[in-house]
Structures are given as structure tokens and as C-alpha cells.
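Trainee:
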Amino acid sequence: MRLLVSLCALLSCAPFAFADGLTPEEAAKRFKLPEGFSVRTIAAEPMIRQPVSMSFDARGRLWVLQYLQYPNYAGLKPVKQDQYLRTIWDKVPEAPPKGPKGLDRITILSDPDENGVFRKSKDFVTGLNITSGFCIGNGGVYVVQPPYLLFYPDKNEDDVPDGDPEVLLSGFGMDDTHSLANSLQWGPDGWLYGAAGSTSTCKIKPPVPSATGGPEFIEFQQGIWRYHPKTKRFELFSEGGGNTYGLDFDRNGQIIAGTNWGGFACLHQMQGAYYVKGFSKHGPLHNPYTYGYFEHVPYKDFKGGHVTCGGVLYDADRYPEQYRGQYIAANLLSNAIHWHKLEPHKSSFTAGHGGELMTTDDSHFRPVDCLLGPDGCIYVADFYDRRAAHLDPVDNWDKATGRIYRIDYKGPPKQQPFDLRKKSTSELAELLKHPNKWWRTEARRLIAERGDASVHPKLRKWLITEKGSLALEALWALASSDGWVERDFDNIGEHPNEYVRAWMIRLMCDEEAVSSATQLALGGIAASEKSYAVVAQIACSIRRLAPPQEYDIVSALMMNPLVGDDPQLPLLVWWALEDCNRRDTTDMVRFPYANEPIQKLADFFNERVARRLMSGNVTRGRERIGTLFGLTTGANDDIAPVLRGIATALRAQPLDAIPPSLQPPLNQLRQQRKKDLLLLEVLARMKDPSARSALRDLVTDESIGDGNRLRAIALLRDVRDPRAEELFLEQLSVQKSDNLRTGLLDGLEAFEHASIGEKVLAGYPGYTPAVKKRAVQLLLTRPAWALMLLKELDAGKFPKTDVTVDNARTATNLSDKEVTTLVEKHFGKLAPATAGEKQARIAWLSTALGRAKPGDAVNGKVLFTKHCAACHQLHGDGGKVGPDLTTADRKNRGYMLTQIVDPSGYIRPEFVVHSVLTKDDRKLSGIVTETGESIVVTNVVNDQVTKTTLAKADVADLKPSPVSLMPEKLLDTLTEPQIADLFAYLASDAKKEEKNLTPRPPSLERKGEQNHRLDLAPLPLREGLGRGSSEAPKPNAKGANTLKIALVSGSFEYKSDDSLSAFQKYLEANYSVECVLISAKAEKDTSLSGLEQLETCDVAVFFTRRLQIDGDSLEQVRKYVKSGKPIVGIRTASHGFQKWLEMDKNVFGGDYKGHFGAGAAEIHAIEKVKDHAILKDVKPFKTNGSLYKNPNVTDDVTVLLRGTMGKESEPVAWVREKDGRRVFYTSLGHPDDFKDENFTRLLVNGLAWATKTDFKPTK
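Under our numbering, think of the first position of the sequence shown as 258, with each following residue one higher.
(1) Given H691, which residues of its chain have a CB within under 7 Å of its CB, disregarding the five upstream and five downstream residues?
(2) Start and end of the alpha helix (DSSP H) containing Y1482?
(3) Could you give the first and the last residue of the continuous beta strand (DSSP E) run that contains E1310?
(4) Use the C-beta contact count for S1287: other C-beta atoms within 10 angstroms, 16 or more gives buried, fewer gives exposed.
(5) Leaving out the 5 sequence neighbours to the left and right, which residues in its chain are closer than 6 Å to K337 when beta-carbon positions are compared?
(6) Give me the Cβ distance between G353 and L437, rounded to the nearest whole Å; I'm assuming they're in contact under 8 Å.
(7) Pick helix, strand or coil for F1496, following the three-state DSSP scheme.
(8) Would you tell me roughly how many angstroms separate the C-alpha atoms of K1446 and E1399, rounded to the nearest one?
(9) Assuming the contact rule is C-beta atoms closer than 8 Å, S1191 and A1208 should be a hit. Round their C-beta distance to whole Å, please.
(10) Of the residues V991, F886 and A285, which one's Cα is nearest the Cα of I1542?
(11) Under 9 Å, do I635 and I661 count as touching if we go by C-beta distance?
(12) Which residue wins for smallest C-alpha separation from G708, given the options R949, V417 and T682?
(13) Rounded to whole angstroms, what is the Cα-Cα separation between V1456 and S990?
(14) Nearest to G520 by CA position, among H563, Y532, Y531 and M527, is which residue?
(15) Is it the case that the Cβ atoms of P466 and G430 are separated by a distance below 9 Å?
(16) Quick one: does D913 have its CB under 9 Å from some CB of chain D?
(17) Hey, quick one: how far does the beta strand (DSSP E) through F1394 stretch, first residue to last?
(18) Is the Cβ-Cβ distance between V820 and L858 less than 9 Å?
(19) On the DSSP letters alone, give me the boundaries of the beta strand (DSSP E) that F408 sits inside.
(20) Would you please state the rounded distance, in angstroms, between the beta carbons of L952 and A969? I believe it to be under 8 Å.
(21) Looking only at its own chain, which residues have a Cβ that is under 7 Å from the Cβ of N395, when we skip the five neighbours before and after it?
(22) Just tell me which of L777, K1054, D1493 and D361 has its CA closest to the CA of L322.
(23) Rounded to whole angstroms, what's the CA-CA distance from W1506 to L826? Just pull it up for me.
(24) Here's the rule I'm using: 16 or more other beta-carbon atoms within 10 Å means buried, otherwise exposed. How should F1496 be labelled?
(25) In chain order, which beta strand (DSSP E) runs of at least 3 residues are fully inside the region 282-335?
(26) Just reading off the alpha helix (DSSP H) that M527 is part of, what are its end residues?
(27) Assuming S1313 and G1307 form a contact by the criterion Cβ under 8 Å, report the distance between their Cβ atoms to the nearest whole angstrom.
(28) At a cut of 8 Å, does the region 1356-1374 reach the region 1459-1478 through at least three beta carbon pairs?
(29) Measure the C-alpha to C-alpha separation of L1002 and P555 and round it to an integer number of angstroms.
(30) Quick one: what's got a C-beta closer than 6 Å to V771's C-beta in the same chain, skipping five residues either side?
(31) Leaving out five residues before and five after L1102 in sequence, what residues of the same chain have Cβ atoms less than 6 Å from its Cβ?
(32) For the 8 Å Cβ check, are there 3 or more pairs between the region 1358-1367 and the region 1384-1395?
(33) Counting Cβ pairs, one atom from each stretch, are 3 or more of them under 8 Å apart for the region 1005-1012 and the region 954-972?
(34) How far does the alpha helix (DSSP H) with K1029 in it reach, from first residue to last?
(35) Hey, would you say G1139 sits closer than 9 Å to H1129, going by beta carbons?
(36) Please identify the residue among D505, R758, D767 and R801 whose C-alpha is closest to the C-alpha of I782.
So this is what it looks like as C-alpha cells:
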């Protein structure tokens, strides 16, 4: 269930008895609320206990689900439980009443007093056994008790079931009782919706198969599902989203669902869409061809623990205006109710922290569900328990307590008794105008149940004549009461309410077939619709139609310019296009690629189409890829996405030879692009010997730059080129670059000959410390090599100090007796402490901290940075290998001590360590994440994060380990005062005034910093910084505080490594600067090693193109941007990071809309800014690179240069000053540009201006 849900990474089975909580009256007094608000306990123990779900009926009575059987099923025995707490039970119980009886019950509360406090209660049903949700309707109650969806009939409404429940569905997962099906809600369309938790696998056979086909069973682990009580249809509405507990519909019928992911509050679940999952734990999405998924609703300034559950959209008029339409939800771990600002953004939303609606210092307050009442107040279900973690299977929950609160505004509401059952259908229809959503929803439900056609004319009139939400309510009421027909949707695209248009399309397509006239109308709407919401719904809905109908509408949809101007729409359209291919033999490449809107997204679609055609039924696909080559050959940018798609498919499914249908286009490209690494990868993965030979040549080719050489090494490693081993060993002995040497050691991991270990050990004395560290790691990946190293160490020929305890522990994981014997001889037994030792240590530390003086959080942060920050974030600082501590229960000392002293006692599932055995007998260990056809193994060795990428096809075995990546005895190296300091920082709040907690690294401390300017300056800027300068530069001598420049490279089409390597040499040879080149190895990689160096750099130059980096790597880029340091962007930096394309507008101020064709362009200065410092000594010049389109740069940029090609003219260089930071961007950057001294001078001047620095030549 949403339950105590998905819970916290740091919560663990603490050894202390839970203290008694407060009485209901005392607890209510401890709450803090905004001015004007108050809270009242309207039900509590013993009337209700451990409530998890609530619902008001048509009479205003409150129904409550009491979850008393949790955490174990009655009458079942656990047979097996894995590391994720998934349990296999000894049997599947029969449905009630035959199955084992549990303690759960559904109770009706009634007869409120003048303050709304309920005085009577009656159980509707008892003996339920792990029941996780319910919903009232259709003369009874729907109950989800996994594995069943049940219906308890009560036609006479005497609050007693008429008989045994009807089993509507079977197959909901039972694996994990804290992540079951939950949150049953009536949708506006008359379907019954529910959420599914993350760790339980559902496998449900739909009672009525889909008209357009589909699997016999629908299997999923997490997402939103729905069931239609009249047609008996069951569907997976959307897949993914984490351990969701709680869903609601906004005023426009869009689903907002809760989450257990820290840093976010909700997901916007769209029909048929795919969402982020804990992939290492829950496996991939069930469609292997999604090629992407949606994240949570972007969130700003998140506060609280990582579990946001039971949320509702506040749609009533009792609370002040600022709360209306906002998301109010429980934050389980923060003992609080927060409200979140939810703002529409194109086809979806953005969110941010609105404020705290109800908080307390009572640690037993565990809110799990919120409910909008008929009085316009929010009701809160409180599990009331000191414990919140599900991780301990021992049932020591406090089942004697539970409360329900009502949050009032300006006094208790004066709600008069009512009974909607007694109203006529016409009167119910009038309630669709009510300002409180509860009344509208309940009225709609009753209208749907009655199916009274007499009200349909009124509803149809409102649908036609009204423009606001009443038209939408009328449409929903018509649809759910079987009152609409297809002719109601004539002129579907003309209704003034965009959500009415969207819902008309959704309701029609939900029938899985439309008339030819409607199909024609949908095609026209798809191409010309101006609403993001409508275009999104078309993309979602057409997948429900037969393939011929779907294909025609997809073709039209791809011509709509909105598709390229929205974060969600490209993937939604791709999923529809892929669906055409999956269900029919339709040619995926027959699309209007020459059309202007599609040109903008050509890379996006071409890559996915190529990848899809090379996957699955590849025989048919390979034949059609030739057509795609024909459509895309020409411009330099166009062919790369096709090659990327093919390469990605081949990583999972390599070929033994080049297929005949691909030989002509690939051979032609081979003649034109002899050193193109992407092309060489495609050919090498088809075992083309000439491509592999070319890659070996590139390893020794100094002219292509280290980044490209490293890519060649990695490719030869991946394809296991038998001649690469000798080459790598030879180069290891002659290369001097640490980057190349460590890359060569990476490459040698793919081979297994004993001679590798011998030669690496022989060369070891001549390695630098960084290379030595990598060499030790390499030698400990295979038993034979590890034994060589340890025998040398045993003989005194290898320095023991070079092998750390972490290294030694890695060696014992090889499970080799000789290796283990030598490790124990020199490092002792590395077994963890016993449970008794850990409990004693926890008790002693708790006592010591209790008697110690309050710790110093400033010193604590220093300790955190040294001992914890490599893996954990706190208040935005640190790594992301382990859980983010910001959203954990940090102020609970007992839990924190337990997790630190006994880190393996409970490991949050997504951070479980796995032992990986490759097919060539390499052994690795670490946290495993999936990235398409690969896995990434993350480990921490000697306080350094290491990442190893492996193709899934190369993995022989993958086993979870019971041992955490976090080392034990972390606190043993600290004194008692230091431990107190560390815990003071761990418990600290992130406040603006606490920025002084950040000690400045000594290397960055500068005297007189506020006026300090580094003295560099190639081209003497004798007149200072020129226009835009606020301060004169000040000199600096090289060596004292040398300007450090980060050159971030990853634009493979424009050979950015070559250009930036040459630029680095030029800068360091002529100016007092230090450059660090951070090179991407491949666009597909989700991480980029070296980005952590941004933190110590003074300025960053970005020259990347559509890198797929995510997670820590992308966060490091974002963190640099947030720092306010200067930024320089070159050419493809405008679309440098595929998962952060907003960087173009938000940071550079650009508006990249593609480019014109090939041809020379004239570059000239804007007359009114010709004296700007950046243009000093820059003369007009020509570029051979295609001219980028930037039609609408932001108002706050100053354009310096324009490029002209025939009749076309575009800005090609500009500056921006915003929030104290200077940004310089140029869309120039073709390899030939770097050979032009005017362009080089432009870049140097741009660096000088951005850093407010004089660049003076050192020679």
C-alpha cells in the first residue's frame, strides 16, 4: 500500500522500544497551521485504528479502511523473501469469505456533532486480509484485496453486504504488502481507477479482450490501472512511477499521482505513457521499444521526506484562493501536510513547494491519506505510529492507535445533513456547477449509475453552449451515463475549451474504433491543433485504433509544429509510431521528413526508427533501413542519428556480417568518413575486419585527440577484437597520458590471458599514482591476476600500502581460496561485526551522544564532506551513489545510528549491491543500474566513485549481495565530539542563512576576492572590458591563482575533441591558464567522467551535442550552472544535453530551431556593438558550417555577430548577463572555424569578457 510506503532509505529496524505517543487531544494541540486554519480530531482510537483510506458517501458519512492485518497475510506462510522484501507465500488464498480471515475492516462513521466529530461507527465488512483500497458505487463497495478486486453488493443500502463478494479481477500482486494495488477512485469517464505499488507484480487476465488485440495477461509492477464496471474491460492506463500511493483527478480530468521519490511530489500520469521506474529492482518497461520514459513533474525547492502520498487537488472554495487547484499531500517522513504549487506547462505541469499546511513535532504523526470533504475541508488519515519503516518483517506496529483530522479554515464548517440519493437526476445535474469537486464527482457518479436519459438533453446543451468547466462536466456525465453518440462529436475541433476537445477525442478512441469521417476529422485536427493538451491526447488515444487508422493520424500529427516544442510530445508521438510498426507491417520510414516541423525532430525520430528497424524482426527492418539512409544522407548532421540507432541495436544484438541490404549505403559512407567513430562502431559490431583495423589505427593516431582515441579503445574492448589485447599492452608501455593509460587498462579488462597480469605488474613501478590505482583495480577483477599481485605483495615485491582495505575486500569477493588466504594473511579477516556487537555499539553511541554537548554543524559538514559526501547528498551537496539524506528521517537519532553502524541491516532496494560475473569470468560488484542494452556497475574504491559499463549480452550472472556498499565502522575513526558534530550537521535544516556552513576549499581562497581579477590576456585588451564591463580587470601572475578553464567536449559530428584539444594547447601555450578537457566517450553514455572537476573550475566551455547523460552527471552540470560562474557555449551546446534541452533558452538565451543547408556564410559585427570587448580585433570572416536558426533569442541578450547566407540572416554570437553571471554563446564552431584566427580571437575575447579578466600573453 502506499503505505508507510516505499519508505525511507535510512529508516531501519531500530532496537529501541517505541515511546508512547500523545492522546488524540494532545496531538491535535501540537499541530501548527497557517493563519486562519485550525485542526480538529474527528475520529480516533478505539473507534478507528491505523486508517489508510477514506471516502464520503452520498449521505456525508465517512467510510474508513483500517489496515490492521499489515504487514503479513493471515493464514499464509512466507516461503521465500528476496533482498527487495518480495515474499513468495505458500499459497494463493481463496477470495472472501472462504479464504483466511484477517483483521482489516471497512468502517462507516456517522452522526457528527456540532463540531463534525463522529459519534457512531459501524463495520460494513470485517475479516478482510491485507485490503489496500476501496471505493463506493453501483449499489455496493469495490474492494481491492490482492490478488482480487472484489465487489460487495449492498443494493438495499442497509450497510450489510447482500452476500459473498463478486470476484471481478484476479492477479494483483501479493509480493510486498507495502506496495500493493491501492487508491481506488472513480474517474470522470465512469471507469474505476487505481494505482499499483512498485514491488508487487500484477498479472491480470482481462475479462474482456481488447478489440485491437493484446496479450492474454497484462503484467506490470507499478503504474495506474482501470476497470470498467459496465463493460468489464481492464487496462493498464500507464506504466511506471515508483511506489505510488494516492491518485486524484484535476479539474480537467488529468491524473496526478503520489510518489516515493525524493525531490519530487507527484507524477502526471498520461494515458498509455511510460514513466520512470526503479529499473534495477523492478526490471525494464514491458515494451522494450519505448526508447525513453517520462520523469516526475519537475519540482522546485522540494522540502520534506521522500514519501509524498495520499494527495488531492484542492478544488473547492472554502480555503483561500492560493490553495485552489493546488496539490495537497501527506509527507509521511516529515510528519506534515504540504501543499504544492502545480502550474500547467504545455502538455503537462511544473511544480514547486507552496508551503506547510499542517506540521508537528510529534514523531508519531504518520499521515497517509488526504481527502476533500463535502464541506470543502481536507481530511487527513493518520496511521499514528512511531514506526514508519516497512523493512522489519517483525510485526511490532502499534495497532491500538489511529486518528482522522479535519483541517478547518476560520472555524468549523456548518455542513447541513444531506442525502444525494433523494435528489432527482435533474437536480444532480445542477450540482455539476458546484464549486466543490466532491459534489460534482458524487453527482456524476449517481447520474452514471442511474443512466437516466431524461437529463441527456440538458447535458448536451451545456456541452454545446458552455465554454468553461461545465461543458467538460456535461461531457463526462453524458459519457458515463451512456448518453453520448458519435454525432455528438461533430465539429470536434471547434469547441472553445481545449480540454473538452481532448476528452472528446479520448472518449471516442476509448471505443477502439471510429468512423471514417471521424478518422478524417482527427487527421485534420492532428496537423493543425494549437493546444498542447489536445495534441498530447491525440498521440495517446490513436494507439487504441486499428493500425490503418492509427498510421494516417500519426502521419498528420508529425506535421504539427507543437510536437517539436514540448518536452513530452516527441515521445508520445514516437510511441504511437512504434505502435504502428508493432501491430502492422506499415513502413515506419514513410513519413514527411521534409516537412518543416519534422525537420526539427529529425534526429529524434531517425535514431529511434533506425534502432527499432534493427531490433526484433530485423530481417524486415534491415531491408527498410536502406530507405532511411536514402532519406537522410546529405547534410553532415543528418546521418549520425541513423548510425546511432543502428549502433545501439547492435550493442544488444551484434551481427556476424554486414547484411546485403546495408552493404551499399555503408560502403559509400565508409569511403566518405574514414575516421568516423560512429560508422566504425556500426561496422565493427557487424564483424567487419577493415573497421576493426581502422579502430586499431585510431588508438595510435595522435591527431584525433585523446577523447576519440579512448572511444576507439572502448569499442575494441566491447567487440572483443582479438588483436586489441597486444595493442593495448604495447601502448600501455609507451603512452604517457594518464587518461590514455587508464583507458587502456579499462580495455584490458575484456581479455583474460595471464600475460596481461604479468605485464601490468611488470610495468607497475613506472606508473603514476592514478594509473597505479586503476591497475590494482584491474588486477583484482580475475582470480589469476589477483593471485599474481598478492604473491608479489607476500614476497615483499609489491607495496602493501598500494592495496587498500577496499581493494582487499574486493579480492575476497572473487571466491578463490588462495586469494582469500593471502588477503587474510596481510589484512586480517574482513568479515562484518556480529549482530550483538553492532547492537552494543549502537547503544553505547546513543548514550554518548545523549550526554555530549550539542555538536557543531559547521565542523560536522567538514566531516560529512570527507566521510559521506562521495556517496550521499545532503542539502544539495554530495554524490548520488547512495540515498539522498535530505529527504530521510535525519532527526531520528536511533534510526540514523542503526543505519550507520549496521548499513547492511536494511538496504533500500535501489541501492542493493550486486555481484556481476561476465561471460569471460570477470567479477565485479557494485550498485547496478540499467541503461537500455547495458548495465552500469557503480562502486566506491578509496573514496572514489567508479563506474563500469557492460553490455547485458556479456553478463553471465547477476546476484544481489546482502552486504551494503557503505562500509561498517565508519564512526570508529571519529572521536566522540566529532560524532556529535557529524550528527548535528545530519540533523540540520537547509536555511538560507546557513550558507556559512560551507567552508571554502583552501585552493579557492583568494584575498580581496570581491575585486580580484585574474591577469590573463592574449590579445591585449588595452581598453579594458569595453561595453558591458562594470569593473576594470586586475593583474595576476601565473601560478598564484591561475584561471582554471573546463572544456567540456562531446560534439562528435563537429569533432569537438580535436578542436578543443588544439584550443587547449593554444591557451596554455600563450596565456596564464590551466585547462581541463572533459571528453565524452559516446553520445549514448548516461554518465560523463570528469564533470566533478567543474566544481573547482572558474569558467566552463561547453561544446557538446545531444549527450544522453543523466543522474549524477547531468546534476553536476546543473549544479555548475546554479553556481553562477561564467559560461561559454559553442555551436551544438544549444542542444548539448538531450535531457536538458531547456539549457538553450534558460542559460544561453537562445532559440535553436535547426539549421539551413550546407554553404558558406558571411560573418559580420552588429554596427551598434562593434566596440564590444569580445569583438576587439575580430574582423569579418566566412564559415563553412551550416547556419543555425535562432529566430527568437531572449530579450536580455545582446547580439554581437550575425551570419548571412544568401537571403538568410541569423544571429551567430551573443552575450547575456543575468543574476550576476556572464554568458557568451556562439553558434559557430565548425572544425574549419577553429583554423580561422578571427574565430579563435572571438573565443579568447569571450573567455576574457565572461570571467571579467584581462588576457595578457605570457610570451
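Think of the CB as a built atom: it goes at the ideal place given N, C-alpha and C, for glycine as much as any other residue.
Mentor: According to the structure shown:
(1) Position 434 of the sequence shown holds residue 691. Excluding residues within five positions, the ones whose Cβ falls inside 7 Å are R697.
(2) Taking the first residue of the sequence shown as position 1, residue 1482 is located at position 1225. Counting along the chain, Y1482 sits inside no alpha helix (DSSP H); it lies in the beta strand (DSSP E) bounded by residues R1478 to T1483.
(3) Here residue 1310 refers to the residue found at position 1053 of the sequence shown. Segment: none, E1310 is in no beta strand (DSSP E) and carries neither H nor E.
(4) Translated into positions along the sequence shown, residue 1287 becomes position 1030. The predicted model places S1287 with a pLDDT of 30, which falls under 50 and marks its position as unreliable; any figure quoted below should be read in that light. Classified as exposed, S1287 has fewer than 16 neighbouring CB atoms from the shown chains inside 10 Å of its CB.
(5) Counted from its first residue, the sequence shown places residue 337 at position 80. Cβ neighbours of K337 beyond the five flanking positions: I345.
(6) Within the sequence shown, numbered from 1, the residue matching residue 353 stands at position 96. Within the sequence shown, numbered from 1, the residue matching residue 437 stands at position 180. The identity of residue 353 in the sequence shown is Pro, whereas the question assumes Gly. Their Cβ separation, rounded to whole angstroms, is 16 Å, which puts P353 and L437 out of contact at 8 Å.
(7) In the sequence shown, residue 1496 corresponds to position 1239, counting from 1. Correct three-state label for F1496: helix.
(8) Stepping through the sequence shown from its first residue, residue 1446 is reached at position 1189. Stepping through the sequence shown from its first residue, residue 1399 is reached at position 1142. Here the alpha carbon of K1446 sits roughly 16 Å from the alpha carbon of E1399.
(9) For this step, residue 1191 is matched to residue 934 along the sequence shown. For this step, residue 1208 is matched to residue 951 along the sequence shown. Contact between S1191 and A1208 is confirmed by a C-beta separation of about 6 Å, below the 8 Å threshold.
(10) Coverage of the chain is limited to positions 258 through 1516, which leaves residue 1542 absent and any answer about it impossible.
(11) Position 378 of the sequence shown, counted from the first residue, corresponds to residue 635. Position 404 of the sequence shown, counted from the first residue, corresponds to residue 661. No, the Cβ-Cβ distance between I635 and I661 is not below 9 Å.
(12) As a working mapping, residue 708 is identified with position 451 in the sequence shown. Out of R949, V417 and T682, T682 has the C-alpha closest to the C-alpha of G708.
(13) Here residue 1456 corresponds to residue number 1199 of the sequence shown, with the count starting at 1. Here residue 990 corresponds to residue number 733 of the sequence shown, with the count starting at 1. Just so you know, the alpha carbons of V1456 and S990 end up roughly 50 Å apart.
(14) To locate residue 520, count along the sequence shown from 1; it is residue 263. Distances from the alpha-carbon of G520 to those of H563, Y532, Y531 and M527 put H563 closest.
(15) Counting from 1 along the sequence shown, the entry for residue 466 is found at position 209. Counting from 1 along the sequence shown, the entry for residue 430 is found at position 173. No, these two residues do not count as a Cβ contact at 9 Å.
(16) As a matter of chain content, chain D is missing from the structure shown, which is built from one protein chain.
(17) Sequence index remark: in the sequence shown, residue 1394 carries index 1137 (1-based). It is not in any beta strand (DSSP E) - F1394 carries neither H nor E in the DSSP assignment.
(18) As a first step, residue 820 is located in the sequence shown; it is residue number 563 there, counting from the start. As a first step, residue 858 is located in the sequence shown; it is residue number 601 there, counting from the start. In terms of Cβ geometry, V820 and L858 form a close pair [threshold 9 Å].
(19) Looking up residue 408 in the sequence shown gives position 151. Under the DSSP assignment, F408 falls in the beta strand (DSSP E) whose first and last residues are Y405 to P410.
(20) On the sequence shown, position 695 is the one that residue 952 refers to. On the sequence shown, position 712 is the one that residue 969 refers to. 5 Å between Cβ atoms; contact.
(21) Indexing the sequence shown from 1 puts residue 395 at position 138. The residues are P486 and E706.
(22) Here residue 322 refers to the residue found at position 65 of the sequence shown. The residue with the shortest Cα to Cα distance from L322 is D361.
(23) As a working note, residue 1506 is residue 1249 in the sequence shown. As a working note, residue 826 is residue 569 in the sequence shown. C-alpha separation (whole angstroms): 39 Å.
(24) As a working mapping, residue 1496 is identified with position 1239 in the sequence shown. Under a 10 Å Cβ-count criterion, F1496 is classified as buried, with 16 or more other Cβ atoms of the shown protein chains found around its own Cβ.
(25) Taken in chain order, the complete beta strand (DSSP E) segments of 3 or more residues contained in the region 282-335 are 294-301, 308-313 and 319-323.
(26) Residue mapping note: residue 527 aligns to position 270 of the sequence shown, counting from 1. It is not in any alpha helix (DSSP H) - M527 carries neither H nor E in the DSSP assignment.
(27) In the sequence shown, the residue the question calls residue 1313 occupies position 1056. In the sequence shown, the residue the question calls residue 1307 occupies position 1050. Correct: roughly 6 Å between the Cβ atoms.
(28) Judged by Cβ distances under 8 Å, the region 1356-1374 makes no contact with the region 1459-1478, as fewer than three pairs qualify.
(29) Counting from 1 along the sequence shown, the entry for residue 1002 is found at position 745. Counting from 1 along the sequence shown, the entry for residue 555 is found at position 298. If you take the alpha carbons of L1002 and P555, they lie about 40 Å apart.
(30) The residue labelled residue 771 in the question sits at position 514 within the sequence shown. Around V771: M765.
(31) In the sequence shown, residue 1102 corresponds to position 845, counting from 1. Around L1102: L1154.
(32) Touching, yes, given that three or more Cβ pairs across the two stretches are closer than 8 Å.
(33) Contact between the region 1005-1012 and the region 954-972 is absent, because fewer than three Cβ pairs lie under 8 Å.
(34) The residue given as residue 1029 occupies position 772 in the sequence shown. Run containing K1029: P1026 to L1036, per the alpha helix (DSSP H) assignment.
(35) Translated into the one-based positions of the sequence shown, residue 1139 becomes position 882. Translated into the one-based positions of the sequence shown, residue 1129 becomes position 872. With respect to H1129, G1139 sits close: the two C-beta atoms are nearer than 9 Å.
(36) If you number the sequence shown from 1, residue 782 lands on position 525. Ranking the options by Cα distance to I782, first place goes to R758.
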